[in-house]
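When you line the sequence shown up against the numbering used here, it's residues 91 to 804, in that order. A virtual CB, placed ideally from N, CA and C, is assigned to each residue, including glycine. Taking it in order: structure first as structure tokens, then the write-up.
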Amino acid sequence: MRKLTVWLCLFIVVLSLCAAPSARAQTSAPAAVRGVLDLSSWHWEQDGLVALNGEWEWYWSRLLTPAELAAGTGGDALSYTRVPQVWQGQTYQESKLSGDGYATYRLVIRTADADTGKDVALYMPSVATAYKLWIDGKEAAASGTVGTNRETMTPTNVPKPVFFHLGGGETEIVIQVSNFVQRKGGLWEPIRMGSADAVAFRRELSNAFELLIVGSLFTMGLYHLGLFVARRKDRASLYFGCLCLAIGVRTAVTGQTLAVRFAPGLPWEWQTHLEYLSVSLGVLMFVLYVAARYPVEMRPVLRRPIVAILLLYSCFIAFTPARIYTHSMLAFQLAILAIFAYIGCVFVLAFVRKREGAFLNLLAMSVFFVTALNDTLFYNQVLSTGDSVQFGMMFYVLMQAVDLSHRFSKSFAHVEKLSSELQRWNESLEGKVRERTEALEMTNASLHEANRELVKMEQSRRHLLSNISHELGTPLTLIQGYIKAVLDRVDEPNRDRYLQLSYDKTLILNRIIGDLFELSKFEAGKIRFDCQFVHPASFVRALYEKYEWTVKQDGYTFEFIDLTAGLSDGQDEEVAWIDVVRIEQVFVNLLFNARKFTPADGTIQISVDRIRHPDNGQSAIRVCLRDTGFGIDEEDLPFVFDRFYRGKNSRKNRSAGTGLGLAICKEIIEHHGGTIGVNSRVGSGSTFFFTLPLSSDPLHPFAEGVFREEGSKG
């Protein structure tokens, strides 16, 4: 690809050299002095075209014919001015001139006697903005209508060759020029002279090059627009196609003005609008194209104001006459150069980050920037090299064609790779089908298991409703009986006892209702958690010490074992984010349950150790409460934490609770992100345990994201 890029660069250089003026004509040609240009030593066949540059006679604010000049009519207004040069900024009789006005130019060309009768020609370039030409006193050419004000002149801008014969040793050239319609006026481009064949060849060559460039730009523009129509997701093709068309239009209305040749009735005002609009809209499309190709490198904070400015300037050009918007071109050209410099930085950044096509874009942008800078200097008469931005754009288009072909080749390679992979996948399709079948069978088994679980849950729900009815109905029945006995005065001596029994039953009802209310708040997420970071082992030890005397005074052996002591690797720094009151509630519930179902001479043991979650490896604290009590039947273990569930031993024990305490413990632990469970065997005691997640970082996600959110609930 790099070889192809080098060849394209050489091709553009050759195009530029062919289209540019002869280097010898620019460097070694004589210059006019005080209205006389001596070409007596100029060899027309060998030396080629000569630019008629230098000092011309100049009659400001006078439109004089050759006859009037010969009669000395304009002698009092005679001065000298350099050609090529615009009027704007010149000083005449101590006054600064603007671009508006009219004047007469005169130049005498001296040639060798041997050249008498030779067929020669002048190549008249763009003259701002109307002129009439006389050669040796005869009117030879005109462009537009020369006038002394805006109403009497007609602007036209069409370069053309003017053929004539050398009649003797001197040739007089008189040119009337007027401008009242744009920012620049006068002979601002070099007028070239040479043999008729050389001028005709030069003109046809320039036309051929411009036709080639315009045709290429329009072809590439329409091609990229077609790509966008086929794939609307790729907006870069849309913007680049519009950019090609814009530069093509500008090329057609400048230089050899091909647009005027193909559309002779095109007004000068429209031609100038197209020239300026094609620049502003072309730059706009270029900015959008670069943003579409490299959206990360071209930041929206700079892209948006650039796009807004270009849109506003385009509207300004579209809705104002040329005599207004042309005066802003210098500032706009500087803005364009600044925009191109920024785009160059974008391409450099994309190249550094190894974006696709960044090298080609950077190379093409460098050439394009140089040609745009050349045009800016040319139109402001710093250089006399002529238009070249079309060559830069042509080079950019060719680079994009190379980039496009490279992207297509990569796409085809990717398609081939995908096809190969698809073939391999098809070959292994049977194996995949078997795997999917096995997965479906496993899923089906999981659904059956879930269905069984749902059946169990439905049975548990019915059991729950039955227990609620039983738990609330039995105390109410007893209360009704006791109150009825008191009212009927059946057993007057036991009246106070009946009232006490009724009161006790109301306490049980109140406790059941309170537990149910607390469970409902858990379900609704309205339980308030006031969490804080604690060291879990120290916290559990403090709970043990708090209830040690209460348990031991009933005759139990009460022990505490800390299995976390001596751990390394920073585990002793891990903390838990908990509501200490709620966790103490869980601890006390499990502790007093163990005391209920353990004989007075039994043992209750508290242990603390650290574990890691088998799935995510998260560290957690595990608190176990072991007792040497009656134990729990195996068939009761799955329902221990269900509401109102009480096992056989619980139903035999009159002091057993309502069956809601363990359900509440489960809700509290799960709200802390932990787990709770039980291991038991009849006659060997029970081990209740719960876990809480740990973190060495106080800003750990489980603390911030879970418990602080819960702690905010009222």
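(message) Let me confirm a value: His363 is counted as buried when at least 16 other C-beta atoms fall within 10 Å, else exposed. Which label applies?
(response) The sequence position of residue 363 within the sequence shown is 273, counting from 1. The residue in question, His363, is buried, as its Cβ has 16 or more Cβ neighbours within 10 Å.
(message) Classify Asp203: buried if its beta carbon has 16 or more other beta carbons within 10 angstroms, exposed otherwise.
(response) By 1-based counting over the sequence shown, the position of residue 203 is 113. Exposed.
(request) For the segment 275-343, list the alpha helix (DSSP H) runs that are entirely contained and at least 4 residues long, ordered along the chain. (result) 286-320 and 325-343
(request) Keeping to the same chain, check which residues put their C-beta closer than 6 Å to that of Met388; ignore five residues upstream and five downstream. (result) Walking along the sequence shown from the start, residue 388 turns up at place 298. Val380, Ala381 and Val436.
(message) Between which two residues does the alpha helix (DSSP H) holding Gln423 run?
(response) What you label residue 423 is simply residue 333 of the sequence shown in a count that begins at 1. Its alpha helix (DSSP H) spans residues Met419 to Val442.
(message) Using only CA atoms, which one of Leu356, Ser776 and Ser130 lies nearest to Pro245?
(response) The residue you call residue 245 lines up with position 155 of the sequence shown. Answer by Cα proximity: Leu356.
(request) Identify whether Asp209 lies in helix, strand or coil by the three-state DSSP scheme. (result) In the sequence shown, counting from the first residue as 1, residue 209 sits at position 119. Looking at Asp209 - three-state DSSP - the assignment turns out to be strand.
(request) Taking only runs that begin and end inside the segment 625-675, name each unbroken alpha helix (DSSP H) of 4 or more residues, in chain order. (result) 626-642
(request) Please report how far the alpha carbon of Gly311 lies from the alpha carbon of Leu371, in whole angstroms. (result) As a position in the sequence shown, residue 311 is number 221, starting the count at 1. As a position in the sequence shown, residue 371 is number 281, starting the count at 1. Taking the straight line joining both Cα atoms gives about 14 Å.
(request) Output the residue ranges of the alpha helix (DSSP H) runs that lie fully inside the segment 470-536 and measure 4 residues or longer, sorted by chain position. (result) 479-517
(request) Assess, as a yes-or-no matter, whether the segment 768-781 is touched by the segment 705-715 under the definition of 3 or more beta carbon pairs within less than 8 Å. (result) yes
(message) Please classify His538 as buried or exposed, where buried requires at least 16 neighbouring CB atoms within 10 angstroms.
(response) Looking up residue 538 in the sequence shown gives position 448. Answer is exposed; the Cβ neighbour count stays below 16.
(request) Decide if the segment 410-427 is in contact with the segment 436-453; the criterion is three or more beta carbon pairs, one per stretch, under 8 Å apart. (result) no
(request) Grab the span of the alpha helix (DSSP H) containing Leu367 for me, first residue to last. (result) Start at 1 with the first residue of the sequence shown, and residue 367 comes out as number 277. It spans Trp358 to Arg383 - the alpha helix (DSSP H) in which Leu367 sits, taken as one unbroken run.
(request) Taking only the alpha-carbon atoms, compute the straight-line gap between Gly284 and Phe485 and give it to the nearest angstrom. (result) Reading the sequence shown from its first residue, position 194 is the one you call residue 284. Reading the sequence shown from its first residue, position 395 is the one you call residue 485. Whole-angstrom Cα-Cα distance: 31 Å.
(message) How far does the beta strand (DSSP E) with Pro811 in it extend, from its first residue to its last?
(response) The question about residue 811 has no answer here: the residues shown for the chain are numbered 91 through 804.
(request) Would you give the residue range spanned by the alpha helix (DSSP H) that Trp134 belongs to? (result) For this step, residue 134 is matched to residue 44 along the sequence shown. Unbroken alpha helix (DSSP H) run through Trp134: Trp134 to Asp137.
(message) Given this structure, state the Cα-to-Cα distance separating Arg744 from Phe682, to the nearest angstrom.
(response) Mapped onto the sequence shown, residue 744 falls at position 654. Mapped onto the sequence shown, residue 682 falls at position 592. Note that Arg744 has pLDDT 46, beneath the 50 cutoff, so the model's placement of it is unreliable and the number below is only indicative. Whole-angstrom Cα-Cα distance: 15 Å.
(message) Tell me the residue span of the alpha helix (DSSP H) that contains Ile225.
(response) Stepping through the sequence shown from its first residue, residue 225 is reached at position 135. Premise fails: Ile225 lies in the beta strand (DSSP E), Ala220 to Ile225, not in any alpha helix (DSSP H).
(message) I need the DSSP call for Glu539, collapsed to helix, strand or coil.
(response) Along the sequence shown, read from residue 1 onward, the residue named residue 539 stands at position 449. Helix at Glu539.
(request) Specify the secondary structure class of Val264 as computed by DSSP and reduced to three states. (result) Residue mapping note: residue 264 aligns to position 174 of the sequence shown, counting from 1. If DSSP states are grouped into helix, strand and coil, Val264 belongs with the strands.
(message) With the cut-off set at 8 Å, would you say Arg340 and Glu300 are in Cβ contact?
(response) Taking the sequence shown and counting its residues from 1, one reaches residue 340 at position 250. Taking the sequence shown and counting its residues from 1, one reaches residue 300 at position 210. Not in contact: Arg340 and Glu300 (Cβ atoms no closer than 8 Å).
(request) In the DSSP assignment, find the alpha helix (DSSP H) that holds Leu400 and state where it starts and stops. (result) As a working note, residue 400 is residue 310 in the sequence shown. Residues Pro390 to Phe409.
(request) Take the Cβ of Ser501 as the centre, count every other Cβ of all protein chains shown within 10 Å, and call the residue buried at 16 or more, exposed below. (result) Within the sequence shown, numbered from 1, the residue matching residue 501 stands at position 411. So Ser501 ends up on the exposed side.
(message) Taking the alpha helix (DSSP H) that Leu750 belongs to, which residues open and close that run?
(response) Numbered from its first residue, the sequence shown carries residue 750 at position 660. Unbroken run through Leu750: none, as it is neither H nor E.
(request) Consult DSSP for Ser770 and reduce its assignment to one of helix, strand or coil. (result) For this step, residue 770 is matched to residue 680 along the sequence shown. Ser770 falls in the strand class under three-state DSSP.
(message) Applying the 10 Å Cβ sphere with the 16-neighbour rule, what's the burial state of Gln590?
(response) On the sequence shown, position 500 is the one that residue 590 refers to. It is exposed - the Cβ of Gln590 has fewer than 16 other Cβ atoms within 10 Å.
(request) Apply the 10 Å Cβ neighbour rule to Ser770 and answer buried if 16 or more other Cβ atoms are within range, or exposed otherwise. (result) Residue numbering aside, residue 770 sits at position 680 when the sequence shown is read from its first letter. Ser770 comes out buried.
(request) Would you kindly report the start and end of the unbroken alpha helix (DSSP H) that includes Ala160? (result) The count along the sequence shown starts at 1 and reaches residue 160 at position 70. Start and end: Pro156 to Ala160.
(message) Residues in the same chain with beta-carbon distance under 7 Å from Ile426, minus the five sequence neighbours each way, listed in chain order, please.
(response) Numbered from 1 along the sequence shown, position 336 holds the residue referred to as residue 426. The answer, listed in chain order, is Val373 and Ala462.
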